[in-house]
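> Residue numbers (the working numbering): 413 to 821. From the three backbone atoms N, C-alpha and C, an ideal C-beta is built for every residue, glycine too.
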Ligand code: HEC
Ligand code: HEC
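1) Any chance the stretch 544-563 sits against the stretch 716-725, with 3 or more Cβ pairs inside 8 Å?
2) Which two residues bound the contiguous alpha helix (DSSP H) that contains residue 652?
3) My output table needs one value for residue 604: the three-state DSSP class, helix, strand or coil.
4) Any idea what DSSP makes of residue 502, helix, strand or coil?
5) Which partner residues of residue 379 appear in the DSSP bridge assignment?
6) With a cut-off of 8 Å on the beta carbons, I'd call residue 514 and residue 542 a contact; round off their distance for me.
7) Using the rule of at least 16 other Cβ atoms within 10 Å of the residue's Cβ for burial, across every protein chain shown, is residue 840 buried or exposed?
8) Please state whether the Cβ-Cβ distance between residue 536 and residue 761 is less than 7 Å.
9) Mind checking who residue 823 pairs with in its DSSP beta bridge?
10) How about residue 646 and residue 795: do their beta carbons lie closer than 7 Å?
11) Which of the three DSSP states, helix, strand or coil, is assigned to residue 807?
12) Would you list, in sequence order, the uninterrupted beta strand (DSSP E) runs of no fewer than 3 residues that lie entirely inside the stretch 712-796?
13) Hey, is the stretch 727-743 in contact with the stretch 564-580, meaning 3+ C-beta pairs nearer than 8 Å?
14) CB of residue 721 to nearest heavy atom of ligand 2: below 6 Å?
15) Given that a residue counts as buried once 16 or more other Cβ atoms are within 10 Å of its Cβ, and exposed if not, what is residue 457?
16) Please report how far the alpha carbon of residue 454 lies from the alpha carbon of residue 562, in whole angstroms.
17) Can you say whether residue 643 is buried or exposed, counting buried as having 16 or more other CB atoms within 10 angstroms of its CB?
18) Cα separation between residue 493 and residue 623?
19) Can you tell me which of the three DSSP states residue 610 falls into?
20) Can residue 719 and residue 768 be called in contact, C-beta distance under 7 Å?
21) Look at the Cβ atom of residue 485, then the Cβ atom of residue 603, and state whether they are nearer than 7 Å.
22) What does a CB cutoff of less than 8 Å around residue 621 pick up in its chain, not counting 5 residues either side in sequence?
23) Identify, in the order they occur along the chain, each residue of the same chain with its Cβ nearer than 7 Å to the Cβ of residue 662, setting aside the five sequence neighbours on each side.
24) Look up residue 698 in the DSSP assignment and say whether it is helix, strand or coil.
25) Quick check: does the Cβ of residue 505 come within less than 6 Å of any heavy atom belonging to ligand 1?
26) On the criterion of 16 or more Cβ atoms from any shown chain inside 10 Å, does residue 594 qualify as buried, or is it exposed?
27) Quick check: residue 631 and residue 802, are their CB atoms within less than 7 Å of each other?
28) Check the C-beta distance from residue 694 over to residue 766 and give it rounded, since I have them as a contact under 8 Å.
29) When the Cα atoms are used, what is the spatial distance from residue 815 to residue 634?
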């Protein structure tokens, strides 16, 4: 199976709660890509004759995403994927779909501190936005081995600890629900014209189709984009001041949240290599030891490299006003609170099991030094972040749930 090492590493890691963290890789002599603080040198975009064409419109200034070798991407495949993404029959007990934890109106997050699986298991992490996942060099908050969407999809589908969709052990039953369904007959025939009718539909097809749909989730029509394209009135004066702050050397945000996707962790056609990036932002410093809480220590769990303690991938900030609560564990409720943590140069937790001063975390990135803001400056930065909301993306009918009852216009 393609990417099976990454998948088993991912599956090993979804196991949480018991304290002991399973590690699927990263022994001393196992070569791991440089996944640390420093992202490889900035993008060199080389004209690439073999660059794939992209069947969907891309916003101005967006590069063409890189499609894994040999992977097809057609409108028909993505449309089949849209149905599967939202179909609760894909979970063993028929209660949950990908779209249950990735809601379009919330930029494909779920609004919870951490997600809850189909059988009630509380996950340890906050559901991520799926906006522009086609550009991710690595998938999920902190896994340098999980590099493509197809491999990632195995985790919620087949993972058993915790159970999300809970397909393992129910494969035949679930495929039987989809095969021979008249909606899927037509969608499947269009997506896989060379395959036999739906009796052939298997999880390989399901994963290819869902991943194709995810590659359609492109967001690049926020007020900030329209402002950059020349519409002076698209954002407020406050947001313009906030933008200047965001890209300044005093506030440093752009070092990790730069690029067209507001994260430096990107990949696309024409880049010499994908650019993974993971940082410790000083959210924790349990007992002053530098540790993050045992339930989730970020990249360190996979690499066992002490320098990777508390390192997570900088998420895209597109649509961030609708993706709260924030951070890998949903432990920050509002954007105002996020800004105050950066202002302080790390989070102070005064009591409880996670008490400690994140500002003093020895693994914290030097790009999180702390700074002082006036109330007006704080409001400006917030106004900029709020101007990253792309309402076209949040309401685009072609990305919406086909099973939802029709609403009157
Ligand atoms: C129970 C809730 C839940 C379900 C169901 C679920 N997800 Fe997620 N999703 C999450 C959480 C939580 C994360 C963060 C996981 C991590 O970092 O380990 C995530 C992360 C992701 C990411 C990584 C995004 C990024 O920017 O790196 C992708 C892609 C994704 N999910 C796709 C899917 C697909 C496809 C399905 C259905 C097959 C699905 N999810 C089902 C909760 C869910
Ligand atoms: C050193 C790299 C780095 C710098 C500098 C940085 N960030 Fe972040 N940012 C991250 C990482 C990594 C995360 C996720 C951390 C986690 O979950 O533990 C994050 C998370 C966030 C989030 C939460 C997003 C979400 O979806 O949960 C916001 C908002 C944010 N940063 C805004 C900013 C702003 C504003 C600045 C400048 C003041 C800034 N960041 C500077 C790396 C950085």
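Let me spell this out:
1) With a cut-off of 8 Å, the stretch 716-725 and the stretch 544-563 count as touching, because enough Cβ pairs lie within range.
2) Sequence index remark: in the chain shown, residue 652 carries index 240 (1-based). In the DSSP assignment, residue 652 falls within the alpha helix (DSSP H) that extends over 649-658.
3) Residue numbering aside, residue 604 sits at position 192 when the chain shown is read from its first letter. Looking at residue 604 - three-state DSSP - the assignment turns out to be coil, as it is neither helix nor strand.
4) Looking up residue 502 in the chain shown gives position 90. Three-state DSSP puts residue 502 in a helix.
5) Because the chain here runs from 413 to 821, residue 379 falls outside it and cannot be looked at.
6) In the chain shown, counting from the first residue as 1, residue 514 sits at position 102. In the chain shown, counting from the first residue as 1, residue 542 sits at position 130. Approximately 5 Å separates the beta-carbon atoms of residue 514 and residue 542; this is inside 8 Å, confirming the contact.
7) With the chain running from 413 to 821 in the structure shown, residue 840 is simply not present.
8) Here the question's residue 536 lines up with position 124 in the chain shown. Here the question's residue 761 lines up with position 349 in the chain shown. In this structure, residue 761 does not lie closer than 7 Å to residue 536 by Cβ.
9) There is no way to answer for residue 823, as the model of the chain reaches only from 413 to 821.
10) As a working note, residue 646 is residue 234 in the chain shown. As a working note, residue 795 is residue 383 in the chain shown. The answer is no: Cβ separation not under 7 Å.
11) Taking the chain shown and counting its residues from 1, one reaches residue 807 at position 395. Residue 807: helix per DSSP, three-state reduction.
12) The qualifying runs do not exist here; there are none.
13) The stretch 727-743, when compared against the stretch 564-580, does not touch it at the 8 Å Cβ threshold.
14) For the purposes of this step, residue 721 is taken as the residue at position 309 of the chain shown. Distances between the C-beta of residue 721 and the heavy atoms of ligand 2 are all 6 Å or more.
15) Residue mapping note: residue 457 aligns to position 45 of the chain shown, counting from 1. Legend: pLDDT at residue 457 = 41, less than 50; position of this residue unreliable, value from coordinates given subsequently. By the 10 Å Cβ count, residue 457 comes out exposed.
16) Position 42 of the chain shown, counted from the start, is the residue given in the question as residue 454. Position 150 of the chain shown, counted from the start, is the residue given in the question as residue 562. Low local confidence applies: a pLDDT of 39 at residue 454 is under 50, so the model's placement there is unreliable, with the coordinate-based value given in what follows. The straight-line gap from Cα to Cα measures roughly 27 Å.
17) For the purposes of this step, residue 643 is identified with residue 231 of the chain shown, where counting begins at 1. Counting Cβ neighbours within 10 Å, residue 643 comes out exposed, since fewer than 16 surround it.
18) As a first step, residue 493 is located in the chain shown; it is residue number 81 there, counting from the start. As a first step, residue 623 is located in the chain shown; it is residue number 211 there, counting from the start. In a straight line, the C-alpha of residue 493 is about 7 Å away from that of residue 623.
19) Residue mapping note: residue 610 aligns to position 198 of the chain shown, counting from 1. Residue state, collapsed to three classes: helix.
20) Reading the chain shown from its first residue, position 307 is the one you call residue 719. Reading the chain shown from its first residue, position 356 is the one you call residue 768. Contact flag unset, no.
21) Position 73 of the chain shown, counted from the start, is the residue given in the question as residue 485. Position 191 of the chain shown, counted from the start, is the residue given in the question as residue 603. No, the Cβ-Cβ distance between residue 485 and residue 603 is not below 7 Å.
22) Position 209 of the chain shown, counted from the first residue, corresponds to residue 621. 489, 490, 492, 493, 496, 603.
23) The residue given as residue 662 occupies position 250 in the chain shown. So the qualifying residues of the chain are 783.
24) Translated into the one-based positions of the chain shown, residue 698 becomes position 286. Looking at residue 698 - three-state DSSP - the assignment turns out to be strand.
25) For the purposes of this step, residue 505 is identified with residue 93 of the chain shown, where counting begins at 1. The answer is no for residue 505.
26) Within the chain shown, the letter at position 182 stands for residue 594. Counting Cβ neighbours within 10 Å, residue 594 comes out exposed, since fewer than 16 surround it.
27) Position 219 of the chain shown, counted from the first residue, corresponds to residue 631. Position 390 of the chain shown, counted from the first residue, corresponds to residue 802. Contact: yes.
28) For this step, residue 694 is matched to residue 282 along the chain shown. For this step, residue 766 is matched to residue 354 along the chain shown. About 13 Å separates the beta carbons of residue 694 and residue 766, which is beyond the 8 Å limit, so they are not a contact pair.
29) Mapped onto the chain shown, residue 815 falls at position 403. Mapped onto the chain shown, residue 634 falls at position 222. Answer to the nearest angstrom: the Cα atoms are 27 Å apart.
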